[in-house]
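Before any comments, here is the structure.
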Amino acid sequence: MSGTVNGSDVSAPVLAAYSYCEAVTGQQAGNFSYGIRLLPTPKRRAMSALYAFSRRIDDIGDGSLDPAAKQRRLEESRALLGRIREGKVAEDDTDPVAVALTHAARRFPIPLGGLDELIDGVQMDVRGETYETWEDLAGYCRCVAGAIGRLSLGVFGTVPGARDAARAAEYADTLGLALQLTNILRDVREDALGGRTYLPSDDLAKFGCAAGFGAARPPAGADFTGLVHFEVRRARALFAEGMRLLPMLDRRSGACVAAMSGIYRRLLDRIAADPEAVLRGRVSLPAHEKVYVAVRGLSGLDARDVARRTAGGRA
0 MSGTVNGSDV SAPVLAAYSY CEAVTGQQAG NFSYGIRLLP TPKRRAMSAL YAFSRRIDDI
60 GDGSLDPAAK QRRLEESRAL LGRIREGKVA EDDTDPVAVA LTHAARRFPI PLGGLDELID
120 GVQMDVRGET YETWEDLAGY CRCVAGAIGR LSLGVFGTVP GARDAARAAE YADTLGLALQ
180 LTNILRDVRE DALGGRTYLP SDDLAKFGCA AGFGAARPPA GADFTGLVHF EVRRARALFA
240 EGMRLLPMLD RRSGACVAAM SGIYRRLLDR IAADPEAVLR GRVSLPAHEK VYVAVRGLSG
300 LDARDVARRT AGGRA
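Numbering (numbering that gives the first Met the number 0), first residue to last: 0 to 314.
Below is the structure:
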């Protein structure tokens, strides 16, 4: 029993491994899953393998193990990644994520070093690192999100003759930063209750929030709304720059990126409209709105809009 990926035979064990990764993605990926559903089968499978491995790394960081045990698990994952990079994972290996990712890395020019960066970023979380400046936080964001953008670009590829294609990885990285900063804003309450604040201490001090958000509340007299609006402007600027990637992608890859980015930009709009909502609970979009954004991406509306604004020098 076998399938076909662009004319290449795919064995039953590899198909089963991909199916496992797609199930993980469908159950856990949330906003991410709306985008990758729009991809053709080979790319969808590869993106699911990337997601499943990344999810495993994130789960180690977010789990209940003590820090030393988390570090050991992360280094074990790094060693597994080395085996995947070297093509040393057999098709009958008992780890379906490793099997699927090994196959995907043979099929597409995926820069697997990005997963090493993800592990580096999660290790920063395990150590409880904080960030003084935006430049410091951006370094973390590049590890945990910018790297995912660059990994994804390895699957998407760029269309032949795409203008400015040499900067595609840079734009993918920037888009990852925009997504991660949106996540950080959305999760202010959850992180505060867990004893973490990711926003740069310089920014917190500027708006009277240097004391953090104990009990998920800003300090007395703080300009929390000003802080959120400041970070929203930064995220929107990152989106504007990162979305220059869209015209470089084929239609369905562009639809995938447009869907994921569109969902997060709408999430950012909700946060901007009611900054203190992030202190009351997790801000999210209803499923029907996510579907609308995905359909809009598939229709090419977002890509055409970005191309038009870029040509006018306003992207």
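Positions of the beta carbon are idealized from the N, C-alpha and C atoms, including for glycine.
In this text, all values refer to a predicted model and were calculated from it rather than measured experimentally.
Less than 8 Å separates the beta-carbon of residue 201 from that of residue 132. Taking 8 Å as the upper bound for CB-CB distance, residue 231 and residue 178 are not in contact here, some 14 Å apart.
Distance between residue 248 and residue 269, taken at the CA atoms: about 28 Å. Straight across, the Cα-Cα distance linking residue 99 with residue 42 is about 12 Å. DSSP, read as helix, strand or coil, puts residue 63 in coil. Inside the stretch 225-308, DSSP marks whole alpha helix (DSSP H) runs of 4 or more residues at positions 250-272, 276-279, 286-298, from first to last along the chain. Counting C-beta atoms within 10 angstroms of its own C-beta, residue 69 has 16 or more neighbours from the protein chains shown and is therefore classed as buried. The beta carbon of residue 25 sits closer than 8 Å to the beta carbons of 32 from its chain, once the five residues preceding and following it are set aside; these are given in chain order. It is roughly 19 Å from the alpha-carbon of residue 244 to the alpha-carbon of residue 143.
Here residue 95 is buried. Its C-beta has 16 or more other C-beta atoms within 10 Å.
Boundaries of the alpha helix (DSSP H) harbouring residue 181: 167-185, taken from the DSSP string. Taken in chain order, no unbroken stretch of beta strand (DSSP E) lies wholly in the stretch 51-134 with a span of 3 residues or more.
For residue 10, the closest alpha carbon among the candidates 23, 38, 30, 90 is that of 90. Proximity of the stretch 33-40 to the stretch 282-297 meets the contact definition, three or more beta-carbon pairs being nearer than 8 Å. In the three-state reduction of the DSSP assignment, residue 33 falls in the helix class. Residue 66 and residue 160 have their C-alpha atoms spaced approximately 48 Å apart. Of all alpha-carbon atoms in 264, 278, 113, the one lying nearest the alpha-carbon of residue 284 is that of 264.
In the DSSP annotation of this structure, residue 198 is not part of any alpha helix (DSSP H), being labelled neither H nor E.
According to the DSSP assignment, residue 154 belongs to the alpha helix (DSSP H) that extends over 146-155. Annotated as proximal: residue 174 and residue 148, with beta-carbon spacing under 8 Å. Within its own chain, the residues whose Cβ lies closer than 8 Å to the Cβ of residue 12, once the five positions on either side in sequence are excluded, are 90, 91, 98, listed in chain order. Nearest in C-alpha terms to residue 130, of all of 183, 277, 118, is 183.
The three-state secondary structure of residue 20, taken from DSSP, is helix. Judged by their CB atoms, residue 44 and residue 27 are not nearer to each other than the 8 Å cut-off. For residue 61, the number of other beta carbons within 10 angstroms of its own is below 16, and it is reported as exposed. Comparing alpha-carbon positions, the option among 226, 240, 238 lying closest to residue 271 turns out to be 226. Going by beta carbons, residue 277 and residue 188 fall inside the 8 Å limit. A direct Cα-Cα distance of roughly 9 Å separates residue 19 from residue 47. Nearest C-alpha to residue 194 among 146, 254, 124: 124.
For the pair residue 206 and residue 222, the Cα-to-Cα distance works out to about 5 Å.
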